[in-house]
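Going by numbering that gives the first Met the number 0, 135 is the number at position 136 of the sequence shown; the sequence numbering is gapless.
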Amino acid sequence: MFDEHNELAKVFRMARERFHESDLQPVKIRLIGTRAKDGRQYNFPTTTEVAALIVGTGDTEKGPRDVIIKDKHFGLKRISELHPSFMAMQYPLLFPYGEDGYRTDIPHNDVEQTGRRVRTAVTMREYYAFRFQQRKKEAKTRFQLGRLNQQQQVDAFICIQEGQRVILPASFTGSPRFTIQNYHDALAICKWVGPPDLFITMTCNPRWPEVREFLSLIPGQKPEDRPDIIAQVFKIKLDEQMDITLKYTCYSNIMYHLAAIYIIEFQKRGLPHVNMLLFLHEPDKLRTAADIDRLISAELPDPEKDPVAFEAVVQYMTHGPCGSLNPKCPCMHDGRCTKYYPKDFNNDTVIGEDDYPAYRRRNNGRVAEKNGHTIDNTFIVPYNVDLLVKYQAHINVEVCNKYTCTKYLFKYMNKGPYMALATVEEVTDNGIPGGQQANPEPPRDEIKSYLQCRYVSAAEACWRVFGFPIQYKYPPVQRLSCHLEEEQTVMFEDHEPLDQVLERVGTAKTPLTGWMEANRKYPEARKLTYHDFPTEWVWQSKEKK
Numbered sequence: 000m001f002d003e004h005n006e007l008a009k010v011f012r013m014a015r016e017r018f019h020e021s022d023l024q025p026v027k028i029r030l031i032g033t034r035a036k037d038g039r040q041y042n043f044p045t046t047t048e049v050a051a052l053i054v055g056t057g058d059t060e061k062g063p064r065d066v067i068i069k070d071k072h073f074g075l076k077r078i079s080e081l082h083p084s085f086m087a088m089q090y091p092l093l094f095p096y097g098e099d100g101y102r103t104d105i106p107h108n109d110v111e112q113t114g115r116r117v118r119t120a121v122t123m124r125e126y127y128a129f130r131f132q133q134r135k136k137e138a139k140t141r142f143q144l145g146r147l148n149q150q151q152q153v154d155a156f157i158c159i160q161e162g163q164r165v166i167l168p169a170s171f172t173g174s175p176r177f178t179i180q181n182y183h184d185a186l187a188i189c190k191w192v193g194p195p196d197l198f199i200t201m202t203c204n205p206r207w208p209e210v211r212e213f214l215s216l217i218p219g220q221k222p223e224d225r226p227d228i229i230a231q232v233f234k235i236k237l238d239e240q241m242d243i244t245l246k247y248t249c250y251s252n253i254m255y256h257l258a259a260i261y262i263i264e265f266q267k268r269g270l271p272h273v274n275m276l277l278f279l280h281e282p283d284k285l286r287t288a289a290d291i292d293r294l295i296s297a298e299l300p301d302p303e304k305d306p307v308a309f310e311a312v313v314q315y316m317t318h319g320p321c322g323s324l325n326p327k328c329p330c331m332h333d334g335r336c337t338k339y340y341p342k343d344f345n346n347d348t349v350i351g352e353d354d355y356p357a358y359r360r361r362n363n364g365r366v367a368e369k370n371g372h373t374i375d376n377t378f379i380v381p382y383n384v385d386l387l388v389k390y391q392a393h394i395n396v397e398v399c400n401k402y403t404c405t406k407y408l409f410k411y412m413n414k415g416p417y418m419a420l421a422t423v424e425e426v427t428d429n430g431i432p433g434g435q436q437a438n439p440e441p442p443r444d445e446i447k448s449y450l451q452c453r454y455v456s457a458a459e460a461c462w463r464v465f466g467f468p469i470q471y472k473y474p475p476v477q478r479l480s481c482h483l484e485e486e487q488t489v490m491f492e493d494h495e496p497l498d499q500v501l502e503r504v505g506t507a508k509t510p511l512t513g514w515m516e517a518n519r520k521y522p523e524a525r526k527l528t529y530h531d532f533p534t535e536w537v538w539q540s541k542e543k544k
């Protein structure tokens with residue numbers, strides 16, 4: 000009978016012995032938390048996690064990885080990430096039988112039923128999204144390997160990003176050009192509906208009942224061991240919240256929101272985080288202090304009348320405590336809190352000259368215990384009690400009804416991926432980095448050896464492999480192109496015959512020419528400019544009209 004445990008142990012010993020036989024010089028990668036030349040602060044991760052460092056900022060195309068293997072018959076050989084045995088050789092514990100990984104010719108099992116024409120083979124993203132799922136009738140070896148599983152999830156994301164850029168969904172686009180386009184789309188929504196009214200941030204709670212229930216299927220698992228579960232549960236919660244806030248809402252009265260924008264972040268904390276902007280309908284805008292108090296609170300609830308809300312606020316919506324209570328709090332800098340806590344007491348909400356409100360924080364004697372300290376209303380982060388009680392997570396709700404903060408919010412939400420500074424150091428026999436030896440080598444310019452890298456955690460890798468969107472806009476924005484007469488953009492391949500390209504140029508139609516054609520045919524179309532045309536008319540890309 001096959002003993003799975005002994006076979007896995009044998010594979011592990013073979014991999015370990017092969018690694019010790021390698022003559023590679025031992026090196027270590029050290030993260031550097033400092034400020035780069037462009038002014039960005041590259042912070043250290045605040046959680047223990049497996050992450051990938053992709054050299055560069057994402058604005059330039061990178062070539063494939065240089066993967067070299069030693070063939071038994073032909074010596075050294077170079078392979079790509081698309082090789083069926085790449086993952087099996089990289090992770091023998093995850094592929095104990097040496098089975099093939101992804102291949103480019105895996106057909107969809109519904110090709111005949113659906114009549115697929117554009118793409119009949121499984122993409123690399125679809126393959127790994129399938130493999131990362133836990134199933135009852137399959138072995139649980141992958142999900143019991145902890146960090147090794149996270150490493151393979153991150154490695155799979157890098158292979159997808161570098162190997163199949165052409166067919167990647169919007170979740171993978173993260174270049175500066177894409178970020179600028181999102182920023183312009185957000186400004187277009189703002190121009191149509193006005194400035195945003197609410198700024199909401201929500202962080203995943205790894206202690207959600209759904210997460211605990213799924214982790215209980217494999218005893219001994221912790222939330223940090225399953226970033227795939229964290230990503231899926233947070234996506235379900237986020238979709239539910241968007242459905243509520245856009246349609247029915249759990250606020251104290253019914254509101255119909257005209258538009259919404261959100262961006263997903265991971266903040267080097269191992270958990271997904273969302274920044275959301277909501278645009279309210281005109282009758283529901285928060286114009287007075289009473290309107291703000293109706294939706295937003297910055298006080299401890301009454302523990303006798305609403306004990307559930309009181310416990311939720313103390314657990315999720317308490318800042319610090321910092322200041323004199325805890326001078327060593329991470330938010331403290333030069334003896335002051337960078338978030339300006341504790342706040343001052345206010346008997347009423349006051350809207351300042353800059354339209355930024357100072358929320359009501361009455362000195363009503365309500366206190367609570369947090370991390371061994373007694374706190375009051377001055378340490379409470381603004382929240383909406385209905386959202387907080389329903390989702391049991393950190394959900395900060397702020398008012399932002401002013402044009403001057405609009406561009407800042409949009410730029411903040413589209414600031415791009417998280418980055419890290421790293422350097423590669425040689426490790427001597429005694430484990431001391433090369434720069435700290437008793438007889439060091441001549442000094443070298445370490446500034447030039449620093450690498451500016453994109454930081455991709457296991458949680459972000461799972462989110463993107465599953466194809467979940469990083470950014471969301473409602474309503475959708477259509478970008479309208481402009482060109483001179485007979486100067487339409489035409490795409491063609493290098494191998495296409497010139498006569499076919501010229502024939503296609505003569506019949507090329509664009510939204511601009513379609514708008515002119517509609518103006519000639521329909522009198523009602525002449526009432527709208529080219530900029531406002533998509534609000535009432537739809538461009539059919541296949542029919543070119």
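Every residue, glycine too, gets a C-beta built ideally from N, C-alpha and C. Treat the numbers as computed from the prediction; the structure is a model and nothing was measured.
- When the distance is taken between beta carbons, is C203 closer than 8 Å to I179? no
- Query: Is the beta carbon of A258 sitting closer than 8 Å to the one on I350?
  - Reply: no
- Task: Please classify D290: does DSSP put it in a helix, a strand, or coil?
- Result: helix
- Task: Would you grab the beta carbon distance between A120 and D104 for me? Rounded to a whole angstrom, and I think it's under 8 Å.
- Result: 6 Å
- Would DSSP call M412 helix, strand or coil? helix
- Query: Are C399 and P195 close, meaning C-beta to C-beta below 8 Å?
  - Reply: yes
- Task: Evaluate contact between the stretch 413-421 and the stretch 210-227, counting only Cβ atoms and requiring at least three cross-stretch pairs below 8 Å.
- Result: no
- Query: Would you report the Cα separation of P326 and D65, rounded to the nearest angstrom?
  - Reply: 49 Å
- Task: Would you mind sorting N346 into buried or exposed? The rule is 16 or more other CB atoms within 10 Å of its CB.
- Result: exposed
- Item | Helix, strand or coil at F465 according to DSSP, with G and I counted as helix | coil
- To the nearest angstrom, report how far apart K27 and F142 are at their CA atoms. 27 Å
- Classify I105 as helix, strand or coil using the three-state DSSP reduction. coil
- Item | Supposed close pair G371, P341 - CB separation, criterion 8 Å | With 8 Å as the limit, G371 and P341 do not qualify as a contact, their Cβ atoms being about 16 Å apart.
- Message: I'd like to know whether the C-beta atoms of L144 and L92 end up nearer to each other than 8 Å.
- Response: yes
- Message: On the DSSP letters alone, give me the boundaries of the beta strand (DSSP E) that N362 sits inside.
- Response: Here N362 belongs to no beta strand (DSSP E), and DSSP marks it neither H nor E.
- Shortest alpha-carbon distance to L569 belongs to which of F532, D227, E310 and A289? It is not possible to answer for residue 569, since the shown part of the chain is limited to 0 through 544.
- Please look up how many angstroms separate the CB atoms of T348 and H272, rounded, as I've assumed it's under 8 Å. Not confirmed; about 27 Å, so no contact.
- Message: Considering only their Cβ atoms, is the gap separating K472 from I260 smaller than 8 Å?
- Response: yes
- Among V192, F265, H318 and D493, the one whose alpha carbon lies nearest that of H280: V192
- Stretch pair the stretch 486-504 + the stretch 276-291: three plus CB contacts closer than 8 Å: no
- Message: Bridge partners for D493 per DSSP, in chain order?
- Response: According to DSSP, D493 bridges with nothing at all.
- Task: In the DSSP assignment, find the unbroken beta strand (DSSP E) run with H272 in it and report its ends.
- Result: H272 to F278
- Message: Between which residues of its own chain and K69 is the CB-CB distance below 8 Å, once the five residues before and five after are set aside?
- Response: L75 and K76
- Item | Cβ-Cβ separation, V396 to Y407 (assumed contact under 8 Å), whole Å | Y407 to V396, Cβ: 18 Å. No contact.
- Where R335 falls: helix, strand or coil (DSSP): strand
- Item | Proximity to R359 [Cα-Cα], best of R293, Q152 and P329 | R293
- Query: When burial is assigned at 16 or more other CB atoms within 10 Å of the CB, is P208 buried or exposed?
  - Reply: exposed
- Query: Applying the criterion that 16 or more other CB atoms from any shown protein chain within 10 Å of the CB defines a buried residue, is A297 buried or exposed?
  - Reply: buried
- Item | Proximity of M331 and I379 at Cβ, strictly below 8 Å | no
- Task: Please work out which residues of its chain come closer than 6 Å, Cβ to Cβ, to S456, disregarding the five sequence neighbours upstream and downstream, and give them in chain order.
- Result: E48, A50 and F265
- Task: Have a look at I394, R286, N363 and D301 and flag the residue whose alpha-carbon is nearest the alpha-carbon of H318.
- Result: I394
- Do you know how far the Cα of V476 is from the Cα of P83? 40 Å
- Message: Please return the same chain residues whose Cβ sits closer than 7 Å to the Cβ of A517, not counting the five positions on each side in sequence.
- Response: A524 and W536
- Item | Rounded straight-line distance, which links the Cα of L387 to that of A357 | 21 Å
- Taking the C-alpha atoms as reference points, what is the distance between T90 and A460? In the sequence on display, residue 90 carries Tyr and not Thr. Spanning the two alpha carbons is a distance of roughly 17 Å.
- Query: What do you reckon, are the CB atoms on S540 and T509 nearer than 8 Å?
  - Reply: no
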